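Participant: Just dropping this structure here.
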Amino acid sequence: MNRATHNLARMMSERLRRFAAPLLFRAAALFCGSVAMTSAALSLSAAEPTPTSEVRDVILMLENGPLHLRVHVAVGGMSPMDARRASMDRLLKTLDADGDGKLSQKEAERSPLFREKQRPKASAFLQEIGASPTFSRRDMEQRFERIGGETVVYRQNASTSDSDTAVFKLLDANKDGVVDSTEMQDSVDLLLAKDSDDDECVTFDEFAPPPTTPADQLAVQMEQPRQSSATVAELLRDTNQTLLPQQLLLKYDKDRNRKLSIVELGWSKERLATCDTDGDGQLNLKELGGLQKSPVDIELVVDVVRTAGQPMLRTMASPGNRTDGESYPDLTTISLPTAIVTFSTREVDPFEASMIIALRTFNELDKDNNGYLDRDETMSRERFGRGLFDQIDADGDGKIFGEEMKEFIRARGEPVATTCQITVFDDGAGFFSTLDANGDRRISMREMRYADKTLTKMERDEKPGLGENEPAHRYRIEFVRGIFNPFGAADRPANPRMPQAVVATVKPPPVGPIWFQRWDRNNDGDITWREFLGPRDAFEQLDADRDELIDPKEAESVVTAKSGTRNPNSETSTNGQSPNESRVKTESGLER
Numbered sequence: 155m156n157r158a159t160h161n162l163a164r165m166m167s168e169r170l171r172r173f174a175a176p177l178l179f180r181a182a183a184l185f186c187g188s189v190a191m192t193s194a195a196l197s198l199s200a201a202e203p204t205p206t207s208e209v210r211d212v213i214l215m216l217e218n219g220p221l222h223l224r225v226h227v228a229v230g231g232m233s234p235m236d237a238r239r240a241s242m243d244r245l246l247k248t249l250d251a252d253g254d255g256k257l258s259q260k261e262a263e264r265s266p267l268f269r270e271k272q273r274p275k276a277s278a279f280l281q282e283i284g285a286s287p288t289f290s291r292r293d294m295e296q297r298f299e300r301i302g303g304e305t306v307v308y309r310q311n312a313s314t315s316d317s318d319t320a321v322f323k324l325l326d327a328n329k330d331g332v333v334d335s336t337e338m339q340d341s342v343d344l345l346l347a348k349d350s351d352d353d354e355c356v357t358f359d360e361f362a363p364p365p366t367t368p369a370d371q372l373a374v375q376m377e378q379p380r381q382s383s384a385t386v387a388e389l390l391r392d393t394n395q396t397l398l399p400q401q402l403l404l405k406y407d408k409d410r411n412r413k414l415s416i417v418e419l420g421w422s423k424e425r426l427a428t429c430d431t432d433g434d435g436q437l438n439l440k441e442l443g444g445l446q447k448s449p450v451d452i453e454l455v456v457d458v459v460r461t462a463g464q465p466m467l468r469t470m471a472s473p474g475n476r477t478d479g480e481s482y483p484d485l486t487t488i489s490l491p492t493a494i495v496t497f498s499t500r501e502v503d504p505f506e507a508s509m510i511i512a513l514r515t516f517n518e519l520d521k522d523n524n525g526y527l528d529r530d531e532t533m534s535r536e537r538f539g540r541g542l543f544d545q546i547d548a549d550g551d552g553k554i555f556g557e558e559m560k561e562f563i564r565a566r567g568e569p570v571a572t573t574c575q576i577t578v579f580d581d582g583a584g585f586f587s588t589l590d591a592n593g594d595r596r597i598s599m600r601e602m603r604y605a606d607k608t609l610t611k612m613e614r615d616e617k618p619g620l621g622e623n624e625p626a627h628r629y630r631i632e633f634v635r636g637i638f639n640p641f642g643a644a645d646r647p648a649n650p651r652m653p654q655a656v657v658a659t660v661k662p663p664p665v666g667p668i669w670f671q672r673w674d675r676n677n678d679g680d681i682t683w684r685e686f687l688g689p690r691d692a693f694e695q696l697d698a699d700r701d702e703l704i705d706p707k708e709a710e711s712v713v714t715a716k717s718g719t720r721n722p723n724s725e726t727s728t729n730g731q732s733p734n735e736s737r738v739k740t741e742s743g744l745e746r
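Given below as structure tokens:
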């Protein structure tokens with residue numbers, strides 16, 4: 155290469171470097187920016203609300219003053235309204251065959267959401283005048299709103315307070331009004347005596363089972379709608395409700411001067427000042443309308459649809475002590491000076507739960523057991539007389555089959571499944587809810603064995619024994635996904651815009667090895683000797699802490715020991731085998 159060529163190449167290389175440097179810098183900046191955005195998205199903690207969640211400020215009306223709750227509500231990572239729009243978009247894409255953004259009558263009739271009662275004369279008249287009824291997107295939104303109702307609804311159930319009395323009466327064996335130390339120690343046997351289905355767990359219903367109905371009255375009751383124990387919430391009120399100020403005055407205005415003082419509210423002067431616009435040291439009716447401006451006591455993040463690896467409920471802020479010790483996912487128990495409040499979620503499959511309700515009603519109405527319902531069989535239900543039969547009967551043959559019912563449930567359940575139902579339970583003294591440490595609404599064998607220690611912690615008056623009214627008042631607030639009740643009587647509240655309160659619980663996710671999951675028949679997270687299918691010595695080898703229960707960690711430790719190595723200088727068992735070798739042998743037997 156001559157000198158001129160070398161200089162030319164060096165000059166071109168220098169120009170290329172000057173030109174490429176900014177491009178490389180920009181590319182690096184874009185790459186770093188995308189990495190930063192990705193990192194930011196991945197680092198979003200489950201304790202942080204999703205950007206699209208719906209924020210609700212709620213007042214829990216405790217006896218000694220209102221408590222301000224702030225809840226970030228999501229349905230599958232979206233706000234309930236966004237989830238509803240996404241559901242509607244999916245439906246429109248499925249039904250809109252010609253892609254014009256609206257539904258013709260023929261397209262709309264493919265879905266039970268838009269299928270109307272058959273009116274031949276009306277259809278003939280529309281054809282004569284050349285009218286073609288269509289569903290615009292706005293029409294679809296209105297239909298979704300009417301069927302789905304409010305995106306967040308509030309319910310209340312006070313029946314648990316009455317039933318909790320039955321728990322105390324059971325524990326108070328000598329009926330002296332106090333559960334003494336001896337009765338606490340005997341509580342395991344007392345609780346097991348209520349295990350009517352012999353699954354080594356005691357549910358709330360087993361404490362107070364429904365009365366037996368005579369056979370001659372059973373047929374009459376089957377035709378009557380069952381009253382729901384849940385009602386419109388009075389203890390839990392949204393700050394957007396127009397009647398909230400009046401309800402606050404009605405509950406807390408002791409001197410009836412139409413104002414609430416710091417004593418009546420149980421607030422500090424500083425807190426009251428955040429809402430006291432006229433500075434008179436009291437809150438009048440107008441000022442109570444701005445209660446959402448007061449400091450937040452408890453802030454929660456809730457998603458009623460579980461995301462893999464993430465909890466459904468997290469606590470962002472609370473004034474009291476966490477008495478659950480953060481031991482259980484999807485459950486928070488906060489101890490306040492005058493009350494104990496538990497927040498929990500219930501994971502449900504709304505479509506499966508709706509099908510259970512539908513199947514129960516279907517079997518009740520199918521008198522001749524021919525596998526379908528005709529109009530005569532449905533006459534006993536008022537809703538069928540209001541056009542429900544035609545909405546379910548897709549082919550118009552005058553018969554409702556199982557597949558038509560399934561299609562109807564899934565279509566009508568979509569709007570309701572985008573809602574979040576918040577139910578407050580007044581648990582009274584909370585004997586059952588305290589013993590139920592993990593909040594699964596049943597007392598397991600592990601919880602029974604620690605019942606005496608749990609009951610001792612409920613004592614407050616420093617006197618021997620536990621009185622019926624001694625424990626702090628307990629409330630439980632539950633978040634659950636809305637479920638569509640196809641027949642709207644048994645489990646649906648009086649307000650037609652609100653989803654029902656009674657829902658089915660999905661089994662908790664399995665834990666432990668496969669053999670552990672299969673042997674844990676009651677799915678309480680422990681294997682008792684009755685559930686264990688192996689020999690007694692194998693059970694004792696697995697039960698490392700000797701509590702007569704095999705937990706998932708003990709089951710997993712066998713797998714760990716099987717794959718690990720053992721120090722040759724470690725201790726050995728009496729038969730010459732190391733503990734790990736013995737456990738590996740046990741695990742191999744369990745696998746076989």
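Here the sequence shown is numbered in the numbering used here, starting from 155 and rising by one per residue. All C-beta atoms, glycine included, are put in the ideal place defined by N, C-alpha and C. This one's a predicted model, so the numbers in the text were calculated from it and none came from an experiment.
(1) Which residues in the same chain as glutamine 339 place their Cβ atom closer than 6 Å to its Cβ, once the five residues preceding and following it in sequence are excluded?
(2) According to the Cβ coordinates, are aspartate 318 and alanine 571 closer than 8 Å?
(3) Considering only their Cβ atoms, is the gap separating leucine 324 from leucine 344 smaller than 8 Å?
(4) Secondary structure at threonine 396, three-state DSSP: helix, strand or coil?
(5) When you compare the CB positions of threonine 487 and valine 212, do they come within less than 8 Å of one another, or not?
(6) Taking isoleucine 554 as the reference, give the member of Arg566, Ala565, Phe516, Ser534 with the closest Cα.
(7) Please state if the CB of phenylalanine 298 and the CB of proline 640 are separated by a distance shorter than 8 Å.
(8) Can you tell me whether alanine 462 is buried or exposed, with buried defined as 16 or more other CB within 10 angstroms of its CB?
(9) Could you pull the start and end residues of the beta strand (DSSP E) that valine 212 belongs to?
(10) Enumerate in chain order the residues of its own chain whose CB-to-CB distance from leucine 245 is below 6 Å, with the five nearest sequence positions on each side excluded.
(11) Which same chain residues, not among the five before or five after cysteine 429, have their C-beta less than 8 Å away from its C-beta?
(12) Thinking C-beta only, is aspartate 407 closer than 8 Å to leucine 221?
(13) Using a Cβ-Cβ cut-off of 6 Å (strictly less than) and excluding sequence neighbours within five positions of glutamate 558, which residues of its own chain qualify?
(14) Can you tell me whether DSSP reads glycine 593 as helix, strand or coil?
(15) Using only the alpha-carbon positions, how far apart do alanine 692 and valine 712 sit?
(16) So what's alanine 507 in DSSP terms, helix, strand or just coil?
(17) Using CA atoms only, rank isn't needed, just tell me which of Asp349, Met602, Arg391, Gly666 is closest to isoleucine 631.
(18) Would DSSP call alanine 471 helix, strand or coil?
(19) Please determine, among Gly621, Arg596, Glu622, Lys611, the residue with the shortest C-alpha to C-alpha distance to threonine 351.
(20) Considering Cα atoms alone, identify which of Asp236, Leu214, Leu216 is closest to serine 207.
(21) I'd like to know whether the C-beta atoms of arginine 600 and aspartate 697 end up nearer to each other than 8 Å.
(22) Suppose you measure from the CA of glycine 688 to the CA of glutamine 671; what does that come to, to the nearest Å?
(23) Given a cut-off of 8 Å, decide if threonine 573 and valine 307 are closer than it, judged by their beta-carbon atoms.
(24) In terms of residue numbering, what span does the alpha helix (DSSP H) encompassing leucine 344 cover?
(25) Would you mind reading off the limits of the beta strand (DSSP E) that contains serine 317?
(26) With 16 as the cutoff for other CB atoms within 10 Å, does valine 209 come out buried or exposed?
(27) Any chance the CB of proline 625 is under 7 Å from a heavy atom of the ligand COA?
(28) Just mark glycine 666 as buried or exposed, buried being the case when its beta carbon has 16 or more other beta carbons within 10 Å.
(29) What three-state label does DSSP hand glutamine 464 in the structure shown?
(30) Give the single residue among Ile494, Gly636, Phe562, Val495 whose Cα lies nearest to the Cα of valine 227.
(31) What are the start and end residues of the beta strand (DSSP E) that includes phenylalanine 139?
(32) Between the alpha carbons of isoleucine 416 and arginine 224, how many angstroms are there, rounded?
(33) What beta strand (DSSP E) runs, 3 residues minimum, are completely inside the region 606–646?
(34) Just to confirm my understanding: we take glutamate 388, look at its own chain, exclude 5 residues before and 5 after, and list those with CB closer than 8 Å. What are they?
(35) According to DSSP, simplified to helix, strand and coil, what is methionine 232?
Facilitator: Let me spell this out:
(1) Here residue 339 refers to the residue found at position 185 of the sequence shown. For glutamine 339, where only same-chain residues beyond five positions count, the Cβ hits under 6 Å are Asp606.
(2) In the sequence shown, residue 318 corresponds to position 164, counting from 1. In the sequence shown, residue 571 corresponds to position 417, counting from 1. No. Outside cutoff.
(3) Along the sequence shown, one-based indexing puts residue 344 at 190. Along the sequence shown, one-based indexing puts residue 324 at 170. Yes. Within cutoff.
(4) Working through the sequence shown from its first residue, we reach residue 396 at position 242. In the structure shown, threonine 396 sits in coil (DSSP, three-state: anything other than H, G, I, E or B).
(5) Indexing the sequence shown from 1 puts residue 487 at position 333. Indexing the sequence shown from 1 puts residue 212 at position 58. Not in contact: threonine 487 and valine 212 (Cβ atoms no closer than 8 Å).
(6) The sequence position of residue 554 within the sequence shown is 400, counting from 1. Taking only the C-alpha atoms, the option nearest isoleucine 554 is Phe516.
(7) Here residue 640 is taken as the residue at index 486 of the sequence shown, counted from 1. Here residue 298 is taken as the residue at index 144 of the sequence shown, counted from 1. In this structure, phenylalanine 298 does not lie closer than 8 Å to proline 640 by Cβ.
(8) Start at 1 with the first residue of the sequence shown, and residue 462 comes out as number 308. By the neighbour-count rule (16 or more Cβ atoms within 10 Å), alanine 462 is not buried but exposed.
(9) Mapped onto the sequence shown, residue 212 falls at position 58. Taken as a continuous stretch (DSSP letters only), the beta strand (DSSP E) holding valine 212 covers 208–216.
(10) Stepping through the sequence shown from its first residue, residue 245 is reached at position 91. Closer than 6 Å at Cβ, skipping near neighbours: no residue.
(11) One-based indexing of the sequence shown puts residue 429 at position 275. Answer for cysteine 429: Leu437, Glu441, Leu442, Gly444, Leu445, Lys447, Ser448, listed in chain order.
(12) To locate residue 221, count along the sequence shown from 1; it is residue 67. To locate residue 407, count along the sequence shown from 1; it is residue 253. Contact: no.
(13) Sequence index remark: in the sequence shown, residue 558 carries index 404 (1-based). Contacts found: Ile546, Ala548.
(14) Translated into the one-based positions of the sequence shown, residue 593 becomes position 439. In this structure, glycine 593 counts as coil in the three-state DSSP scheme.
(15) Here residue 692 is taken as the residue at index 538 of the sequence shown, counted from 1. Here residue 712 is taken as the residue at index 558 of the sequence shown, counted from 1. Their backbone Cα atoms lie some 11 Å apart in a straight line.
(16) For the purposes of this step, residue 507 is taken as the residue at position 353 of the sequence shown. Helix, per DSSP.
(17) Within the sequence shown, residue 631 is the residue found at index 477, counting from 1. Closest by alpha carbon: Arg391.
(18) The residue given as residue 471 occupies position 317 in the sequence shown. Strand.
(19) Translated into the one-based positions of the sequence shown, residue 351 becomes position 197. The sequence shown places aspartate at residue 351, rather than the threonine named in the question. Ranking Gly621, Arg596, Glu622, Lys611 by Cα distance to aspartate 351 puts Arg596 first.
(20) Mapped onto the sequence shown, residue 207 falls at position 53. Of the candidates Asp236, Leu214, Leu216, the one whose C-alpha sits nearest the C-alpha of serine 207 is Asp236.
(21) Reading the sequence shown from its first residue, position 446 is the one you call residue 600. Reading the sequence shown from its first residue, position 543 is the one you call residue 697. The answer is no: Cβ separation not under 8 Å.
(22) In the sequence shown, residue 688 corresponds to position 534, counting from 1. In the sequence shown, residue 671 corresponds to position 517, counting from 1. So the alpha carbons of these two residues sit roughly 15 Å apart.
(23) Reading the sequence shown from its first residue, position 153 is the one you call residue 307. Reading the sequence shown from its first residue, position 419 is the one you call residue 573. For valine 307 and threonine 573, yes; Cβs fall inside 8 Å.
(24) Position 190 of the sequence shown, counted from the start, is the residue given in the question as residue 344. Element bounds for leucine 344: 341–346.
(25) Indexing the sequence shown from 1 puts residue 317 at position 163. First-last for serine 317: 313–325, but that is the alpha helix (DSSP H), not the beta strand (DSSP E).
(26) Along the sequence shown, read from residue 1 onward, the residue named residue 209 stands at position 55. Label assigned to valine 209: exposed.
(27) Among the ligands in the structure shown, none appear at all, so the ligand COA cannot be discussed.
(28) Residue numbering aside, residue 666 sits at position 512 when the sequence shown is read from its first letter. Buried, because 16 or more other Cβ atoms sit within 10 Å of the Cβ of glycine 666.
(29) Taking the first residue of the sequence shown as 1, we reach residue 464 at position 310. DSSP places glutamine 464 in coil when its eight states are reduced to three.
(30) Within the sequence shown, the letter at position 73 stands for residue 227. Nearest of Ile494, Gly636, Phe562, Val495 to valine 227, Cα basis: Gly636.
(31) The structure shown does not extend to residue 139, since the chain spans only 155 to 746, so no value can be given for it.
(32) For this step, residue 416 is matched to residue 262 along the sequence shown. For this step, residue 224 is matched to residue 70 along the sequence shown. The alpha-carbon atoms of isoleucine 416 and arginine 224 are separated by roughly 22 Å.
(33) 627–635
(34) Locating residue 388 in the sequence shown gives position 234, where the first residue counts as 1. Met215, Gln310, Gln401.
(35) Numbered from its first residue, the sequence shown carries residue 232 at position 78. Strand.
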